[in-house]
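K.L.:
Can you keep this structure in mind? I'll have questions shortly.
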Amino acid sequence: MATELLLLSLQEILFIAISGTLICIAVHFVPVGGAPAAMAQATGIGTGTVELAAGSGLVGLLTASYMYSSVPDAPMALVLAAGAIGSMTMMAVTMFFGGLVYAYGVGVPFASAQVKKDPITGARQDIYMSKGTQGQGLPMVCYVSGLIGGALGGIGGAMIYFALESIYKPLIGESAPAVAGIFTMGVFYVNAVIASYGVGGTIEGFHDPKFRRVLPKDTLTAFIVSLLCGVVAVLIAWGMV
Amino acid sequence: MVLDLTMSMAILALMGALATIAGCLEDLESDVGSQSNPNSQVQLAPQMNFLHRIYNKAVSGEPVSNGMSAVISGTVTVVLLDKGFFLLTAIALGALVGAIVLGIFATTSYAGRVASQARFKQPLYMDIMRYTTPSIISHNFIMNVCLVSLAYIQCVVLGHPFPIPFLALVWGITAGAVGSSVGDVHYGAEREFQNREFGCGLNTALSGRIVIKAESGLRNSIDNVWFCAKYGGPVTGLGLGLVVFLSSWPATIIQPRTIDDFWLTIIIGLIIVVLLGIAHRLVEYSINNAYGPYKEEKNEKEAAA
Chain H
1323 MATELLLLSL QEILFIAISG TLICIAVHFV PVGGAPAAMA QATGIGTGTV
1373 ELAAGSGLVG LLTASYMYSS VPDAPMALVL AAGAIGSMTM MAVTMFFGGL
1423 VYAYGVGVPF ASAQVKKDPI TGARQDIYMS KGTQGQGLPM VCYVSGLIGG
1473 ALGGIGGAMI YFALESIYKP LIGESAPAVA GIFTMGVFYV NAVIASYGVG
1523 GTIEGFHDPK FRRVLPKDTL TAFIVSLLCG VVAVLIAWGM V
Chain V
1061 MVLDLTMSMA ILALMGALAT IAGCLEDLES DVGSQSNPNS QVQLAPQMNF
1111 LHRIYNKAVS GEPVSNGMSA VISGTVTVVL LDKGFFLLTA IALGALVGAI
1161 VLGIFATTSY AGRVASQARF KQPLYMDIMR YTTPSIISHN FIMNVCLVSL
1211 AYIQCVVLGH PFPIPFLALV WGITAGAVGS SVGDVHYGAE REFQNREFGC
1261 GLNTALSGRI VIKAESGLRN SIDNVWFCAK YGGPVTGLGL GLVVFLSSWP
1311 ATIIQPRTID DFWLTIIIGL IIVVLLGIAH RLVEYSINNA YGPYKEEKNE
1361 KEAAA
């Protein structure tokens, strides 16, 4: 029975593996500086990678699931886009208000320590860095990187939800969204933690040299782990039969 | 439940208001209990010979601890509703249980953390525990009430497929993520190092050298929350309120029926994101000109001259 279910759900398992990998890649894009950024000693948002990625991804999950329940015959692209927009909105608002606190609450200009000029606006960065810090605030390149991360995370979360909902719905009917949602959250945390270990807790975004260094290894790890998560998700469904 | 446009907008406004209060109180709760990233400095201070009277809870990362209290509140509320309790009573009792559980975690983690710092002679102040723990519980209580109400509206009125406890968990985690990204910076980078020149940026060498004296006497966590309530807390509230409002506003205003309408809501969402990006760039441009550039460019100009 279990093997039969696994064979029937191969496509869903693959979806979960791909979306887990997307979430892991997304976390690399999110500019988080951890405790040093909360003290305005490093560039990025002053929180942990896992916390922010999960927060934004879950808002995406809420918008995607609401969209999917309103239009059950919605194409997958629409559900994924809804997830991406939800996550991007959360990310954009959080980074904007975080920037307001850096600007008017702490009083530091935005500067990246990793590039001399912002690749997007072309503005000089090094002259705005204060002594003894590794940059501060959220320059535009970090902001854009965060938005890309939000979009990928939202797409990943929505895709897992889409896949799991289609497995669970015939088995448990109305309770399917809740179980699928909780499992999506689990896969989100698993992949966010993998990325967090890879980047060592802090990263500025796609312009950070760390990004290219750790991304391939983390992506492979996330794919394998998410594949396992997918198998487990289907085996859970076996208990529902 | 199908609502007309006016009612949908009213519901959305209510959700935004609830989220604003929840976000504000979430941040202030993390300031009064000293949680999340800024707490690393509070923990480091005794090692640098800065013995302090600041509460030191840090149950876990802010999203997780807030998610925990919100989901407990949501679960208890659902159980009470099932038993026939009146809605507001059920929410209030559920929120109280969630807040008390967080209060228990706060007390044990404060005692545990300070006890582990005994070698640095950091005392455990019983009066701080007595005064601050009820403040943590009450801040968290209001956050729980708002988040469970928000979850109730989404689940029952708007017909979201997720159950109330799960929605409360998601909003608790999101509130923690926004609070830890926005408001905590005001506590960590400004209030803890208020004796440094405003706008100087914080040298890494200053780590752990937090301000331990208040306007009068020794500084405690109540002083910190008084300061953060002036900027960090309200900005966090606005942030969470806008996350809730803007993520639902396009779908509410268009009331989509066809797939084309849904694509339109997504395009509107994208426009909102782009507008926020432009606003962020304007802030960056204006404050970089206001505070900077720092000395190096002046030196370069002098050298060029």
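Residue numbers (our numbering), protein chains in the order written: chain H, 1323 to 1563; chain V, 1061 to 1365. Even glycine gets a Cβ: it sits at the ideal position worked out from N, Cα and C. Quick caveat: nothing in here was measured; it's all calculated off a predicted structure.
For G1522 (chain H), count neighbouring C-beta atoms within 10 Å of its own C-beta (all shown protein chains included) and say buried if the count is 16 or more, exposed if not.
P.N.:
Counting Cβ neighbours within 10 Å, G1522 (chain H) comes out exposed, since fewer than 16 surround it.
K.L.:
For the alpha helix (DSSP H) that C1346 (chain H) lies in, which residues bound it at each end?
P.N.:
L1332 to F1351 is the extent of the alpha helix (DSSP H) around C1346 (chain H).
K.L.:
With contact counted as at least three CB pairs below 8 Å, one residue from each stretch, are the segment 1543-1557 of chain H and the segment 1252-1271 of chain V in contact?
P.N.:
Because the criterion of three Cβ pairs below 8 Å is not met, the segment 1543-1557 of chain H and the segment 1252-1271 of chain V do not touch.
K.L.:
CB-CB under 8 Å to R1256 (chain V), same chain, minus the five flanking residues each way: which ones, in chain order?
P.N.:
Closer than 8 Å at Cβ, skipping near neighbours: L1262 and L1266.
K.L.:
In the structure shown, what three-state DSSP assignment does R1256 (chain V) receive?
P.N.:
Looking at R1256 (chain V) - three-state DSSP - the assignment turns out to be coil, as it is neither helix nor strand.
K.L.:
Anything in the segment 1249-1262 of chain V with a Cβ closer than 7 Å to a Cβ of chain B? List those residues in chain order, please.
P.N.:
Among the protein chains in the structure shown, which are H and V, there is no chain B.
K.L.:
Any contact of the segment 1388-1397 of chain H with the segment 1318-1337 of chain V, i.e. 3+ C-beta pairs under 8 Å?
P.N.:
They touch, by the three-pair rule.
K.L.:
Which residue comes first and which comes last in the alpha helix (DSSP H) that contains E1089 (chain V)?
P.N.:
That run of the alpha helix (DSSP H) goes L1065 to V1092.
K.L.:
Using CA coordinates, which residue listed in H:I1338, H:M1410, H:M1562 and H:P1358 is at the minimum distance from L1493 (chain H)?
P.N.:
Of the candidates H:I1338, H:M1410, H:M1562 and H:P1358, the one whose C-alpha sits nearest the C-alpha of L1493 (chain H) is H:M1562.
K.L.:
Which whole runs of the alpha helix (DSSP H) in the segment 1085-1155 of chain V are 4 residues long or more, in chain order?
P.N.:
You should have 1099-1104 and 1122-1142.
K.L.:
Just checking, does the segment 1087-1096 of chain V make contact with the segment 1279-1293 of chain V on the three C-beta pairs under 8 Å criterion?
P.N.:
A contact exists between the segment 1087-1096 of chain V and the segment 1279-1293 of chain V.
K.L.:
With 8 Å set as the bound, which would you pick, yes or no: does the beta-carbon of I1516 (chain H) sit closer than that to a beta-carbon of chain V?
P.N.:
It does not; no Cβ of chain V falls within 8 Å.
K.L.:
Are the Cβ atoms of I1160 (chain V) and I1197 (chain V) separated by less than 8 Å?
P.N.:
Their beta carbons are under 8 Å apart, which means I1160 (chain V) touches I1197 (chain V) by this criterion.
K.L.:
Where does the unbroken alpha helix (DSSP H) through P1358 (chain H) begin, and where does it stop?
P.N.:
It spans G1356 to A1360 - the alpha helix (DSSP H) in which P1358 (chain H) sits, taken as one unbroken run.
K.L.:
Could you spell out the range, first to last residue, of the alpha helix (DSSP H) harbouring N1349 (chain V)?
P.N.:
Taken as a continuous stretch (DSSP letters only), the alpha helix (DSSP H) holding N1349 (chain V) covers I1319 to Y1351.
K.L.:
For the candidate residues H:L1550, H:A1403 and H:F1484, whose alpha-carbon lies nearest to that of L1330 (chain V)?
P.N.:
The shortest Cα separation from L1330 (chain V) among H:L1550, H:A1403 and H:F1484 belongs to H:A1403.
K.L.:
How is I1196 (chain V) classed by DSSP in three states: helix, strand or coil?
P.N.:
Of the three classes helix, strand and coil, the one that applies to I1196 (chain V) here is helix, per DSSP.
K.L.:
By the criterion of Cβ-Cβ separation under 7 Å, what are the contact partners of Y1424 (chain H) in chain V?
P.N.:
In chain order: V1245.
K.L.:
Name the residue from H:G1476, H:V1501 and H:F1419 whose alpha carbon lies nearest to the alpha carbon of P1465 (chain H).
P.N.:
With the sequence shown as reference, residue 1465 (chain H) is identified as Tyr, and Pro is not the correct amino acid for it. Among H:G1476, H:V1501 and H:F1419, the Cα nearest to that of Y1465 (chain H) is on H:F1419.
K.L.:
Can you confirm whether the segment 1104-1120 of chain V touches the segment 1137-1149 of chain V when touching is taken to mean that 3 or more C-beta pairs between the two stretches lie within less than 8 Å?
P.N.:
In short, these stretches do not touch, since the Cβ pair count stays below three.
K.L.:
Anything in chain H within Cβ reach of Q1101 (chain V), meaning under 7 Å, just list it in chain order.
P.N.:
Chain H residues near Q1101 (chain V): M1361.
K.L.:
Counting only beta-carbon separations shorter than 8 Å, does R1279 (chain V) have a partner in chain H?
P.N.:
R1279 (chain V) does not count as touching chain H.
K.L.:
Please classify L1302 (chain V) as buried or exposed, where buried requires at least 16 other C-beta atoms within 10 Å of its C-beta.
P.N.:
Its Cβ being crowded by 16 or more others within 10 Å, L1302 (chain V) is buried.
K.L.:
Along the chain, where does the alpha helix (DSSP H) that runs through M1451 (chain H) open and close?
P.N.:
It is not in any alpha helix (DSSP H) - M1451 (chain H) carries neither H nor E in the DSSP assignment.
K.L.:
Which residues of the segment 1093-1123 of chain V have a Cβ closer than 8 Å to any Cβ of chain H? Give them in chain order.
P.N.:
Against chain H - using a Cβ distance shorter than 8 Å - the residues of the segment 1093-1123 of chain V are S1096, N1097, P1098, S1100, Q1101, G1121, E1122 and P1123.
K.L.:
Just confirm the distance between the C-beta atoms of I1233 (chain V) and G1478 (chain H), as a whole number of angstroms; I'd bet it's less than 8 Å.
P.N.:
16 Å between Cβ atoms; not a contact.
K.L.:
I'd like the span of the alpha helix (DSSP H) that includes V1242 (chain V), first residue to last.
P.N.:
Here V1242 (chain V) belongs to no alpha helix (DSSP H), and DSSP marks it neither H nor E.
K.L.:
If you run the structure through DSSP and keep just helix, strand and coil, what is R1269 (chain V)?
P.N.:
The answer is coil: DSSP assigns R1269 (chain V) none of H, G, I, E or B.
K.L.:
Given 8 Å as the limit, is there contact between the segment 1181-1188 of chain V and the segment 1100-1114 of chain V, that is, 3 or more CB pairs closer than that?
P.N.:
The segment 1181-1188 of chain V is in contact with the segment 1100-1114 of chain V.
K.L.:
Roughly how many whole angstroms lie between the Cα atoms of D1187 (chain V) and P1310 (chain V)?
P.N.:
Using only the alpha carbons, I get a separation of about 50 Å.
K.L.:
Please report the distance separating the alpha-carbon of R1173 (chain V) from that of V1423 (chain H).
P.N.:
Going by the C-alpha atoms only, they are around 29 Å apart.
K.L.:
Below 8 Å on the Cβ atoms is my contact criterion, and I expect F1351 (chain H) with G1476 (chain H) to pass it. Report the Cβ-Cβ distance as a whole number of Å.
P.N.:
In fact, because the Cβ distance is near 12 Å, the residues do not count as touching under 8 Å.
K.L.:
Are the beta-carbon atoms belonging to L1225 (chain V) and V1304 (chain V) less than 8 Å from one another?
P.N.:
Here residue 1225 (chain V) is Pro; the residue named in the question, Leu, does not match the sequence. For P1225 (chain V) and V1304 (chain V), no; Cβs fall outside 8 Å.
K.L.:
Expressed to the nearest angstrom, what Euclidean distance is found between the alpha-carbon atoms of Y1426 (chain H) and A1386 (chain H)?
P.N.:
Approximately 35 Å between the Cα atoms of the pair.
K.L.:
When we look at the beta-carbon of T1168 (chain V) and count the other beta-carbons within 10 Å, is it buried (16 or more) or exposed?
P.N.:
Its Cβ having fewer than 16 others within 10 Å, T1168 (chain V) is exposed.
K.L.:
Starting from V1553 (chain H) and walking both ways along the alpha helix (DSSP H), at which residues does that stretch end?
P.N.:
P1531 to M1562 is the span of the alpha helix (DSSP H), which, as asked, contains V1553 (chain H).
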